[in-house]
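Here's the structure, in C-alpha cells; my notes come after.
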C-alpha cells in the first residue's frame, strides 16, 4: 500500500534489479476502493506523460466508442536522446506499466497489447521480455501482451510513426487531417500511451483518483518522472511532485542550481531563463511562459556554455532525424541549422542569418505531417529569444567562452555519416 | 443559363507527404497557393466561400492537376474563423471519394 | 472474322503506326519535361502536364486505329486474339508479339491514368514507369514489322526516335530535381531508400554482456491479427 502525499510512487520499492511479479504485488497492494476504472480515470485528470499532455481519460473515451479489433500500444520508445525515464521505469518496475496497459485494455475493450521498446537497448528489452514471460507463466487471464522492438529514431516514438511501424514495418509519421483522428493497425483502432502514463493508470486503478490527486497541482495532478541532463555529475532520473519549483528539482538532482538556462520538454521544447527558476514545474505555471512539462526532460545549461552553439548542434541533429517525407521539414530544418551555424560564426552574415531564421520559422511551422518541424521551430525561436545577448556578442565578432571551448552539455548523438545530411 | 450558386465554404488541403514540390497548384490557383523558397505550397487554412467561383474552380483544377494527387478540396460545414495559430482546418464534412 | 481485302487497310495500318510512334515519342519527351519541372516562365508547368495528358490520348487513339486496321486486314493474318495475347499471330509472330506486349503495357498505363483518382498514387507511379519499357519494345516492333525500315527514311525514323527518347531518358536522370525522399513509388529498377542506421544515444551504456536466455523461454509472439506487412 502506497501512502498518499508520499514520493516515490512509480519507483516505490525500487532496487537495482527489476521487481518480480511477486515483489511488485507486495509493494503495490491494491486498496480495494476502486469500483469503476473509467470514472476514476476521469476524476483523476491524468495528463499524458509522453510530451503532448493530452488528458488520458478523453483518449480512452474516444477509443471506447470505436468498433473493431482494438489494440493498446505502450510507447516505451523514448525518442528524445536526453530522456531516459521510460527506460529506467521499464527496468525498475515493468509490471506496473503492464498493469496499467491491462487496465487501459479492459477500459476500451482491447484484445491485444503491444509494448514497444527500442531494439538498440538490449537491457531494457530483456527486462520487459522477462516481465511478459512471468505474467504468461502465471496464466493471468487478460489480453495477450506482445513485445515489439522498432529501431531507435527520434520520430519512431511519434504515435503515428509507431503505429505505422506495427502495421507496415516502417517508422514513418503519417498524415492525419482533421481532429480527432483514430490511429489504426489494419482496421482496428489503437490507443497509444506513454509507458509512464500507463504506470500512472496502474496506480490510479489500485488506489483511486483521490489518492492520485494528493500530489501535484489542481490542473496537473500527480507525480512526474524527470530526466535531468546537462551540467550534472551524472544524468539522473527522479520522480518529483508536480508543482515543485524547478530550482529545488535541480538541487535534489545534484545539478548546477544557477545555470544560464534550462531546456524544458526536450529538443522540441523551449528554454527557461536562469532567473525564472523558481517557477513551479507543472503545465499550469509553465504555459503562461509558453513552456510545458513535455516528456519530463530538464537539460541544464551552465553559465560557461554557449547557448547558440548548443542550439546549432541540436537543430543539426534534429534535421538529420527528420523522416524527410515533407518538403518544409526535409529542406527547412537543414536551412535553419545552416543559419544557426552562420550566427555562431558571427560577422556580418550573421545579421542576415538571424532575419532569415525568423522568416523561415514562420514559413516552416505547421506545414509538416507531424509536429517535428513545429518542435524545432519552437526550439529555435526560444533559443534566439533567450540567448539574444549571446547572439549580439557573436555578431559583433566576440564569441563567448563557451563557443571557443569544445565542451558541450546537451546530449546529441553523433551523426553516423556526414553524407546523410540532405543539404550536402 | 444561369450560374450555379453554391453555398458553404471549402478549404484546399495538401497532404505534405505526397507533395513533391512540382508547383502546378501555384500556377492553377495563385490566389490560394503560394510557394516557399523550396517550391512547396503554402496554403492558408482559412475557409473560402464557395460562392467565390473563381477560387473554387481554381481549387478544383489544382486538385485535378497535381501530379502526385496531394491536394484535396474539402467542404467545411461551419464557417467559423480559425483562432489558433497552427494551420489545422476545422473538421471538413465530405471525406469520401473525390468527384470532378 | 471480318476480313477486308482492300489495300487501303494496309496503308492505313502503316500510316497510323508511324503516326502513333511519332506521337508517343513526343509524349515520352513531354513526360520527362513534366518530371524535371520544366516551365514557369514562358509556359506554365501545368500546361506541359496537360499537353502530355491530352497528346497521350490522341496517341492512344491512333494506336487503336492501327490495331483495328491490322485486325480487319486480310492481307496479313494476325487475328483478333493477337491484339492482347502475344505469340498468337501467324504473320511475323515475334515482331507482332512485341507490338502486343507493348500495347498491353500501354493499356495498363492508360487505364491506370483514367482511374488516377481511384488508385493510390504509389500504384499509379509504379505502373507509369513501365511506359519506358513499352516504348522500347514498340521501337523494336516498328523496326522488325516495318517493311521499309531497313533502308532510307524508315531507318532514319526509327533511329531518330530512339535517339531522341534515349537523350530524354539520360536528361531525365541527370536533370532530376532534389526532392525530399518521398514515400511514393520507385521505379521497378530502383532499390528502396535505406534510412540511415540509428545511433545509440551517448547516455546508453554499451558493450553490456547479452543476458542468458533460459531454454524454456517462449518463442516470438505471433503477429497481431489484422495487421498487414512483412515482419
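Chains as they are written, first to last, in this note's numbering: chain A, 24 to 447; chain Y, 25 to 124; chain V, 83 to 313. For every residue, glycine included, the Cβ atom is placed at its ideal position computed from N, Cα and C.
Compute the beta-carbon to beta-carbon distance between residue 180 of chain V and residue 222 of chain V, rounded to the nearest angstrom, for a pair I have assumed lies under 8 Å.
For the purposes of this step, residue 180 of chain V is identified with residue 98 of the third chain, where counting begins at 1. For the purposes of this step, residue 222 of chain V is identified with residue 140 of the third chain, where counting begins at 1. Yes, residue 180 of chain V and residue 222 of chain V are in contact; Cβ-Cβ is about 5 Å, under 8 Å.
Assuming residue 253 of chain V is part of the beta strand (DSSP E), what are its boundary residues?
Against the third chain, residue 253 of chain V aligns to sequence position 171. Not the beta strand (DSSP E): residue 253 of chain V falls in the alpha helix (DSSP H), residues 234-256.
Against residue 128 of chain V, what residues of chain Y qualify as contacts under a CB-to-CB distance less than 7 Å, listed in chain order?
For the purposes of this step, residue 128 of chain V is taken as the residue at position 46 of the third chain. Those within 7 Å of residue 128 of chain V in chain Y are 48, 51, 52 and 89.
Please classify residue 55 of chain Y as buried or exposed, where buried requires at least 16 other C-beta atoms within 10 Å of its C-beta.
For the purposes of this step, residue 55 of chain Y is taken as the residue at position 31 of the second chain. Counting Cβ neighbours within 10 Å, residue 55 of chain Y comes out exposed, since fewer than 16 surround it.
Less than 8 Å between the C-beta atoms of residue 224 of chain V and residue 110 of chain V, yes or no?
Residue numbering aside, residue 224 of chain V sits at position 142 when the third chain is read from its first letter. Residue numbering aside, residue 110 of chain V sits at position 28 when the third chain is read from its first letter. No, the Cβ-Cβ distance between residue 224 of chain V and residue 110 of chain V is not below 8 Å.
Under the three-state DSSP convention, the category residue 322 of chain A falls into:
Position 299 of the first chain holds residue 322 of chain A. Strand at residue 322 of chain A.
Ignore the nearest five residues each way along the sequence and tell me which others in residue 99 of chain V's own chain have a CB closer than 6 Å to its CB.
For this step, residue 99 of chain V is matched to residue 17 along the third chain. Taken in chain order, the residues that qualify are 148.
Using a C-beta cutoff of 8 Å, does residue 34 of chain Y count as contacting chain V?
Against the second chain, residue 34 of chain Y aligns to sequence position 10. Residue 34 of chain Y does not count as touching chain V.
Candidates A:345, A:396, A:99 and A:405, of which the one nearest residue 286 of chain A by Cα
The residue given as residue 286 of chain A occupies position 263 in the first chain. Ranking A:345, A:396, A:99 and A:405 by Cα distance to residue 286 of chain A puts A:405 first.
Identity of the residues DSSP links to residue 99 of chain Y by a beta bridge
As a position in the second chain, residue 99 of chain Y is number 75, starting the count at 1. Answer by DSSP bridge pairing, in chain order: Y:34.
Compute the beta-carbon to beta-carbon distance between residue 127 of chain V and residue 48 of chain Y, rounded to the nearest angstrom, for a pair I have assumed lies under 8 Å.
As a position in the third chain, residue 127 of chain V is number 45, starting the count at 1. As a position in the second chain, residue 48 of chain Y is number 24, starting the count at 1. Contact between residue 127 of chain V and residue 48 of chain Y holds, with the beta-carbon distance rounding to 5 Å and staying under 8 Å.
Nearest residue (CA-CA) to residue 309 of chain A, options A:323, A:106, A:293 and A:344
Here residue 309 of chain A refers to the residue found at position 286 when the first chain is read from its first residue. Between residue 309 of chain A and the set A:323, A:106, A:293 and A:344, the nearest pair of CA atoms involves A:293.
Within this structure, are the beta carbons of residue 322 of chain A and residue 425 of chain A separated by less than 8 Å?
Working through the first chain from its first residue, we reach residue 322 of chain A at position 299. Working through the first chain from its first residue, we reach residue 425 of chain A at position 402. Inclusion of residue 322 of chain A and residue 425 of chain A in the CB contact set at 8 Å is not warranted, their separation being larger than that value.
Kindly indicate which three-state DSSP category residue 49 of chain Y falls into: helix, strand or coil?
Residue numbering aside, residue 49 of chain Y sits at position 25 when the second chain is read from its first letter. Residue state, collapsed to three classes: helix.
Within the region 101-137 of chain A, note down every full alpha helix (DSSP H) run reaching 4 residues or more, in order along the chain.
As far as the region 101-137 of chain A is concerned, its whole alpha helix (DSSP H) runs of at least 4 residues are 108-115 and 117-131.
Cβ neighbours of residue 410 of chain A in the same chain (closer than 6 Å, five flanking residues each side left out):
In the first chain, the residue the question calls residue 410 of chain A occupies position 387. Hits under 6 Å: 330 and 331.
Short CB-CB distance (under 8 Å) between residue 39 of chain Y and chain A:
Translated into the one-based positions of the second chain, residue 39 of chain Y becomes position 15. A Cβ of chain A is located within less than 8 Å of the beta carbon of residue 39 of chain Y.
Since residue 131 of chain V meets chain Y, which of its residues come closer than 9 Å, beta carbon to beta carbon?
Translated into positions along the third chain, residue 131 of chain V becomes position 49. 46, 48, 89 and 91, listed in chain order.
Inside the region 370-443 of chain A only - alpha helix (DSSP H) runs reaching at least 4 residues
Runs found: 371-387, 395-409, 411-418 and 424-427.
Same chain only: Cβ atoms within 8 Å of residue 54 of chain A, ignoring 5 sequence neighbours per side
The residue given as residue 54 of chain A occupies position 31 in the first chain. So the qualifying residues of the chain are 24, 229, 230, 231 and 234.
How big is the Cα-Cα spacing for residue 325 of chain A and residue 283 of chain A?
Taking the first chain and counting its residues from 1, one reaches residue 325 of chain A at position 302. Taking the first chain and counting its residues from 1, one reaches residue 283 of chain A at position 260. Rounded to the nearest whole angstrom, the CA to CA distance from residue 325 of chain A to residue 283 of chain A is 5 Å.
According to DSSP, which residues form a beta bridge with residue 286 of chain A?
Residue 286 of chain A sits at position 263 when you count from the first residue of the first chain. Secondary-structure assignment with DSSP links residue 286 of chain A through a beta bridge to A:294 and A:322.
Among A:280, A:366, A:116 and A:408, which residue has its Cα nearest to the Cα of residue 49 of chain A?
Indexing the first chain from 1 puts residue 49 of chain A at position 26. Of A:280, A:366, A:116 and A:408, the smallest CA-CA separation from residue 49 of chain A is found for A:116.
Straight-line gap, residue 152 of chain A to residue 161 of chain A (C-alpha atoms, nearest Å):
Locating residue 152 of chain A in the first chain gives position 129, where the first residue counts as 1. Locating residue 161 of chain A in the first chain gives position 138, where the first residue counts as 1. If I take the Cα positions, the gap works out to 14 Å.
Just curious, the beta strand (DSSP E) that residue 253 of chain A is in, first and last residue?
Position 230 of the first chain holds residue 253 of chain A. Per DSSP, residue 253 of chain A is one residue of the beta strand (DSSP E) stretching across 246-253.
7 Å Cβ cut-off: residues of chain Y touching residue 203 of chain V
Sequence index remark: in the third chain, residue 203 of chain V carries index 121 (1-based). For residue 203 of chain V, the chain Y residues whose Cβ falls inside 7 Å of its Cβ are 42, 92 and 93, in order along the chain.
Residues bridged to residue 65 of chain Y (per DSSP)
Position 41 of the second chain holds residue 65 of chain Y. In the DSSP output, where bridge partners are listed per residue, residue 65 of chain Y has Y:59.
Quick one: what does DSSP say residue 200 of chain V is sitting in, helix, strand or coil?
Here residue 200 of chain V corresponds to residue number 118 of the third chain, with the count starting at 1. DSSP, reduced to helix, strand and coil, places residue 200 of chain V outside both helices and strands of the structure shown, so it counts as coil.
Residues in the same chain with beta-carbon distance under 7 Å from residue 82 of chain A, minus the five sequence neighbours each way, listed in chain order, please.
Along the first chain, read from residue 1 onward, the residue named residue 82 of chain A stands at position 59. So the qualifying residues of the chain are 214.
Along chain Y, which residues have their Cβ under 8 Å away from the Cβ of residue 351 of chain A?
Sequence index remark: in the first chain, residue 351 of chain A carries index 328 (1-based). Here the neighbours are 40, 60, 62 and 64.
Could you tell me how far apart the beta carbons of residue 151 of chain V and residue 159 of chain V are, in whole angstroms, since I believe they sit closer than 8 Å?
Counting from 1 along the third chain, the entry for residue 151 of chain V is found at position 69. Counting from 1 along the third chain, the entry for residue 159 of chain V is found at position 77. Incorrect: roughly 14 Å between the Cβ atoms, too far for contact.
Could you tell me whether any Cβ in chain D is nearer than 8 Å to the Cβ of residue 191 of chain V?
The chain inventory of the structure shown lacks chain D, comprising the protein chains A, Y and V.
Output yes or no for whether 8 Å exceeds the beta carbon distance between residue 119 of chain A and residue 225 of chain A.
Taking the first chain and counting its residues from 1, the one referred to as residue 119 of chain A is at position 96. Taking the first chain and counting its residues from 1, the one referred to as residue 225 of chain A is at position 202. A contact, by the Cβ cut-off of 8 Å.
Measure the C-alpha to C-alpha separation of residue 123 of chain A and residue 192 of chain A and round it to an integer number of angstroms.
Start at 1 with the first residue of the first chain, and residue 123 of chain A comes out as number 100. Start at 1 with the first residue of the first chain, and residue 192 of chain A comes out as number 169. Near 26 Å, if we compare the C-alpha coordinates of residue 192 of chain A and residue 123 of chain A.
Excluding the 5 residues preceding and the 5 following residue 277 of chain V in the sequence, name in chain order all residues of the same chain whose CB lies nearer than 8 Å to its CB.
Mapped onto the third chain, residue 277 of chain V falls at position 195. For residue 277 of chain V, the predicted model reports a pLDDT of 46, less than 50, meaning its position is unreliable and no value from the coordinates is stated.
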